[in-house]
Amino acid sequence: METVVGPVPRVATSLTWRDDSGTVRARLGLSRENYRISPGLYCVGYPNALSPILVTANYKLTFDALRCELVGMNCWILALDTRGVNVWCASAHKTFGTEELVRQIKRWRLSDLVEHQEVIVPQLGASGVSARDVKQWTGFRVTWGPIRAADLRTFLRNDKKASAGMRQVTFDWSDRLILSPVELVLFWKPTVILLVALLLLSGIGPDIFSASTAWHRWRLIASAYLGGLLTGTVVVPVLLPWLPFRSFYLKGLLAALPVGLGLVWPYFRSGESWITPAGPLLLCFAVASYAAMNYTGATPYASPSGVEKEMRHAIPVQLFLFVGALFCWLIEPFMITVGGL
């Protein structure tokens with residue numbers, strides 16, 4: 041679109057199959073760091089000098105979520121250079137901040153583009169943007185928009201007045217569960233390495249190494265690991281509001297209790313040595329606790345200082361459980377050979 045400040049790209053309000061596939065990849069954590077658009081000015085529909093300017097991040101998932109809510113509207117979109125990070129996280133690191141907003145306003149000569157001298161900034165960017173400084177340095181007034189892009193149409197229709205619901209962060213089960221694929225993908229490399237290592241360790245015994253024994257024993261320890269991983273990345277997010285304890289690593293330990301016991305209970309009932317289920321049980325606890333703690337940063341509940349404090353308490357516990365699991369698993373064949381425990 042040709043404007044007084046030069047050509048401005050017009051973007052569609054519907055996604056193509058390429059957009060959809062990119063969304064899926066981003067949700068799975070694949071090339072997530074590079075999923076971005078060029079920062080700058082865009083338009084939807086046929087905006088004019090009276091049309092609103094909506095500020096967002098250049099993270100494409102965020103940008104797509106915004107433009108999909110602007111069907112039938114005429115708007116300007118100013119995408120800040122957040123290094124491909126969403127608004128909330130970028131505002132904490134000040135890449136979605138006052139300096140970048142001022143730079144883009146001046147770069148695109150928005151004072152020549154519109155008459156109202158106003159930019160609508162998402163509320164989740166408030167920690168990085170000083171409305172007073174933006175006004176002082178550019179003459180533009182900052183209006184805080186709703187948290188969710190889905191509320192923008194109603195917000196603009198109501199003379200830019202937000203209801204209480206528009207100012208409230210929600211984190212229901214679907215919001216929590218949609219993050220699980222990313223968490224799982226982040227674990228795939230260490231999972232492959234650890235499962236291979238456990239397969240090799242499972243073959244160690246009085247006969248030095250046995251491939252058949254390795255396969256037979258590995259199925260139990262691998263099931264315990266995968267059970268702990270799914271507990272920390274899926275079960276804990278779903279049950280988050282109902283699990284006691286404030287610390288996520290304790291939530292993971294508690295959620296892993298029925299999972300771990302369910303896996304090893306047949307060994308207890310059969311009267312086998314306690315050392316046989318001890319390793320898998322401890323490993324399930326360690327992995328579930330670590331995965332649940334790792335999920336903390338994806339929630340709206342924790343601050344960076346809170347995450348650091350939890351890690352200081354959690355990591356020694358998780359290391360103790362992990363080392364204990366490996367120790368029990370390694371000595372189990374030798375203990376059984378000498379008569380059991």
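Residue numbers for the sequence shown follow the numbering used here, so the first one is 41 and each next one is one higher. Note that CB positions come from ideal geometry on N, CA and C, so glycine has one too.
Using the DSSP secondary-structure output, state which residues sit across from residue i in a beta bridge.
{"i": "T316", "result": "None, per the DSSP bridge assignment."}
{"i": "Y82", "result": "I117"}
{"i": "I160", "result": "L94 and T183"}
{"i": "P47", "result": "E42"}
{"i": "R123", "result": "BP columns for R123 are empty, so no partner."}
{"i": "I355", "result": "DSSP, once it has assigned bridges, lists no residue as partnering I355."}
{"i": "R147", "result": "For R147, which the question treats as bridged, DSSP gives no partner whatsoever."}
{"i": "R72", "result": "Bridge partners of R72: none, in fact."}
Just confirm the distance between the C-beta atoms of residue i and residue j, as a whole number of angstroms; I'd bet it's less than 8 Å.
{"i": "W213", "j": "V278", "result": "6 Å"}
{"i": "F34", "j": "L150", "result": "Outside the shown range of the chain (41 to 381) lies residue 34, about which nothing can therefore be said."}
{"i": "L293", "j": "A328", "result": "7 Å"}
{"i": "K369", "j": "I261", "result": "The question names Lys, but residue 369 in the sequence shown is Trp. Confirmed, about 6 Å."}
{"i": "G300", "j": "L321", "result": "5 Å"}
{"i": "Y265", "j": "L235", "result": "7 Å"}
{"i": "S263", "j": "L238", "result": "That pair is no contact at about 11 Å."}
{"i": "A5", "j": "E155", "result": "Residue numbering for the chain in the displayed model covers 41 to 381; residue 5 lies beyond these limits and cannot be assessed."}
{"i": "M351", "j": "M375", "result": "Rounded, the Cβ-Cβ distance is 34 Å, inconsistent with contact."}
{"i": "R67", "j": "I218", "result": "7 Å"}
{"i": "L70", "j": "D104", "result": "In fact, because the Cβ distance is near 16 Å, the residues do not count as touching under 8 Å."}
{"i": "E109", "j": "A190", "result": "6 Å"}
{"i": "G243", "j": "T231", "result": "About 19 Å separates the two Cβ atoms, so there is no contact after all."}
{"i": "I315", "j": "I355", "result": "Rounded, the Cβ-Cβ distance is 26 Å, inconsistent with contact."}
The alpha helix (DSSP H) spanning residue i covers which residue range?
{"i": "I93", "result": "Counting along the chain, I93 falls outside any alpha helix (DSSP H), though it belongs to the beta strand (DSSP E) covering I93 to A97."}
{"i": "R309", "result": "F288 to R309"}
{"i": "W255", "result": "A251 to L270"}
{"i": "C129", "result": "V127 to A132"}
{"i": "R188", "result": "Counting along the chain, R188 falls outside any alpha helix (DSSP H), and DSSP gives it neither H nor E."}
{"i": "V176", "result": "For the sequence presented, residue 176 should be read as Gln rather than Val. Start and end: A171 to T178."}
{"i": "D199", "result": "Unbroken run through D199: none, as it is neither H nor E."}
{"i": "F103", "result": "K100 to R107"}
{"i": "P277", "result": "V276 to L279"}
Taking DSSP as the reference, what is the three-state secondary structure of residue i?
{"i": "T53", "result": "coil"}
{"i": "L381", "result": "At L381 the pLDDT is 49, less than 50, meaning the model places this residue with poor confidence; the figure from the coordinates comes in the next sentence. It is coil, neither helix nor strand."}
{"i": "I218", "result": "coil"}
{"i": "G62", "result": "helix"}
{"i": "I244", "result": "strand"}
{"i": "E372", "result": "helix"}
{"i": "F440", "result": "With the chain running from 41 to 381 in the structure shown, residue 440 is simply not present."}
{"i": "F325", "result": "helix"}
{"i": "G112", "result": "coil"}
{"i": "G137", "result": "coil"}
{"i": "A237", "result": "helix"}
{"i": "V154", "result": "coil"}
{"i": "I340", "result": "The identity of residue 340 in the sequence shown is Pro, whereas the question assumes Ile. Coil."}
{"i": "S345", "result": "helix"}
{"i": "N88", "result": "coil"}
{"i": "F367", "result": "helix"}
{"i": "F362", "result": "helix"}
{"i": "T210", "result": "coil"}
{"i": "A332", "result": "helix"}
{"i": "G168", "result": "coil"}
For residue i, decide whether its Cβ has a neighbour in chain B, counting only Cβ atoms nearer than 8 Å.
{"i": "G300", "result": "Absent from the structure: chain B. Only one protein chain is present."}
**Request:** Could you tell me whether the segment 56-67 touches the segment 162-177, where touching means 3 or more Cβ pairs closer than 8 Å?
**Result:** no
**Asked** If we count Cβ pairs, one from each stretch, closer than 8 Å, do we get three or more for the segment 123-134 versus the segment 92-103?
**Response** yes
**Message:** If contact is defined by three or more beta carbon pairs under 8 Å, each pair taking one atom from either stretch, is the segment 246-257 in contact with the segment 354-365?
**Reply:** no
**Request:** Determine, using beta-carbon pairs with one atom in the segment 343-356 and one in the segment 217-231, whether at least three such pairs fall under 8 Å.
**Result:** no
**Asked** Are the segment 78-91 and the segment 157-165 in contact at 8 Å, needing three or more beta carbon pairs?
**Response** no
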